[in-house]
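What follows is one structure encoded as structure tokens, with my remarks underneath.
Residue numbers (the working numbering): 17 to 501.
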């Protein structure tokens, strides 16, 4: 799938059906789109070196997926691939004024998403001169966008309050994003003019909000108040754009049944041993009390283990969560999702992925544990709001639980230059492999196997994710066809 996206004065060609990037610290973000008239499957295989200490005994997968795998799903429109082409946005609002608020919120949401993607890339630039050079077209874009956005201010009083909320939030968020990245860049005499331009832009936005009286002086003087107000405005703007989610855990009743069956099995053995013990040791004696204590002790030891073994066997290959995505305004179900997440064995890997991991250089081969994440999405095109072609899904994997057992670097590297010996500490790094597979089907009720796989190398240390490097496409070997004679 090729998407041509215009941002920061240049076109980008996306040749992958998704993007995977390092977000912040231990977080990596996977982003893809689901078209209105299709079903989609997303597979993620994490190959985690055993020296990281991650295994079923040290990582609770249920707790991990609830606390460390987060996502956001929102409407996506072809129009929103070009945030600068605001004329389409304005003409669309004029044709359909009844949906002015929704269109306004969608535009603000996707503009900020595009700005976040762009500035996330900018923060990786270490040289101040290169940073400000890359920031220049972004500033041109922001100035042009805000002028056109404010030129489209509605004249009807009933829409004015929605515009003011969106304008206030957009202005404040842009200012905060720019100041955040300026604080991380070292000052440079050669880039003073560009830095001053950014500061003047931020000051102009503050003055604009003061003139419009968007925020009271009391609110502006208290960082907590202004931050909480913007959180409230964010929720109002995301209403109707970001889907409401209803997530249900699957197999609750089955889990209770398994617990009962495991307890019954253990109690059968326990009572059999108790009867045998009382027949051998007649009367209440110290020996009988000791034997009963040992029997009940073993019951407590093995009860949970037996229950977990039975549950893992029954749950193998089954989804653990079911999620409904609902339109925030119409309350209609737009899509349904099923989620899988568990440790798997190497024999459960697809053959081409297993072969790729085995094909690594001898010095890089290492034993690994495998985590499997899968999400199937089935859309309901009849419930889509008019004008929107699909769903944009962002999945954030927060990997800090995987780094709890990592070791710090204890060695150093010594270098000599001009007779002076210097010492540099070494940070110990670990490399995980992540293979992402995509499968999509035009039949909204049928989930196809993944047809395309891509490998990434995720380097981590105790402080966070160091690098996410694309490792290329994982080719599937086609089975040879038998020729008929």
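All C-beta atoms, glycine included, are put in the ideal place defined by N, C-alpha and C. From a predicted model like this one, the values you see are computed outputs, not experimental measurements.
- Looking at the backbone, the Cα of residue 449 and that of residue 256 are separated by about 37 Å.
- In this structure, residue 91 places its C-beta atom within 7 Å of the C-beta atom of residue 404.
- Non-local C-beta neighbours of residue 274 in its own chain, meaning closer than 7 Å and more than five positions away in sequence, comprise 323, 326, 327, 330, ordered along the chain.
- The three-state reading of DSSP puts residue 66 in helix, counting H, G and I together.
- In this chain, the beta strand (DSSP E) harbouring residue 351 covers 349 to 360.
- At the C-beta level, residue 408 and residue 54 stay beyond 7 Å of one another.
- Around the beta carbon of residue 339, 16 or more other beta carbons sit within 10 angstroms, so the residue counts as buried.
- Taking a cut-off of 8 Å for Cβ pairs, the segment 349 to 359 and the segment 65 to 84 touch, as three or more such pairs fall below it.
- Residue 259 and residue 345 have their C-alpha atoms roughly 9 Å apart.
- The alpha carbon of residue 350 has as its nearest neighbour, out of 248, 60, 400, 463, the alpha carbon of 400.
- The beta carbon of residue 176 sits closer than 7 Å to the beta carbons of 170 from its chain, once the five residues preceding and following it are set aside; these are given in chain order.
- The beta carbons of residue 451 and residue 38 sit no closer together than 7 Å.
- When the Cα atoms are used, residue 487 and residue 224 turn out to be separated by approximately 47 Å.
- Burial is judged here by how many other beta carbons sit within 10 angstroms of a residue's own beta carbon; residue 70 has at least 16 and is buried.
- Counted as a single uninterrupted DSSP element, the beta strand (DSSP E) harbouring residue 35 occupies residues 34 to 38.
- For residue 369, the closest alpha carbon among the candidates 491, 133, 479 is that of 491.
- Annotation: residue 468 is outside any alpha helix (DSSP H); the continuous beta strand (DSSP E) that includes it extends over 468 to 477.
- Fewer than three pairs of CB atoms, one per stretch, sit closer than 8 Å, so the segment 134 to 152 makes no contact with the segment 423 to 437.
- Under the 8 Å Cβ criterion, the segment 59 to 74 counts as touching the segment 417 to 428, having at least three qualifying pairs.
- For residue 78, the uninterrupted alpha helix (DSSP H) segment begins and ends at 77 to 84.
- Around residue 441, the same chain offers 425, 428 as residues with beta carbons nearer than 7 Å, after the five sequence neighbours per side are excluded.
- For residue 332, there is no enclosing beta strand (DSSP E), as DSSP gives it neither H nor E.
- For residue 193, the uninterrupted alpha helix (DSSP H) run begins and ends at 173 to 198, by DSSP.
- Within 10 angstroms of the beta-carbon of residue 234 lie fewer than 16 other beta-carbons, which makes it exposed.
- With a beta-carbon spacing of about 57 Å, residue 282 and residue 245 fall beyond the 8 Å limit used to define contacts.
- DSSP places residue 151 in no beta strand (DSSP E) but in the uninterrupted alpha helix (DSSP H) bounded by 144 to 167.
- About 7 Å separates the beta carbon of residue 307 from that of residue 297, a gap short enough to meet the 8 Å contact definition.
- Taking the Cα positions, residue 295 is about 15 Å away from residue 311.
- Cβ neighbours of residue 439 within its own chain (closer than 6 Å, five residues either side excluded): 428, 430.
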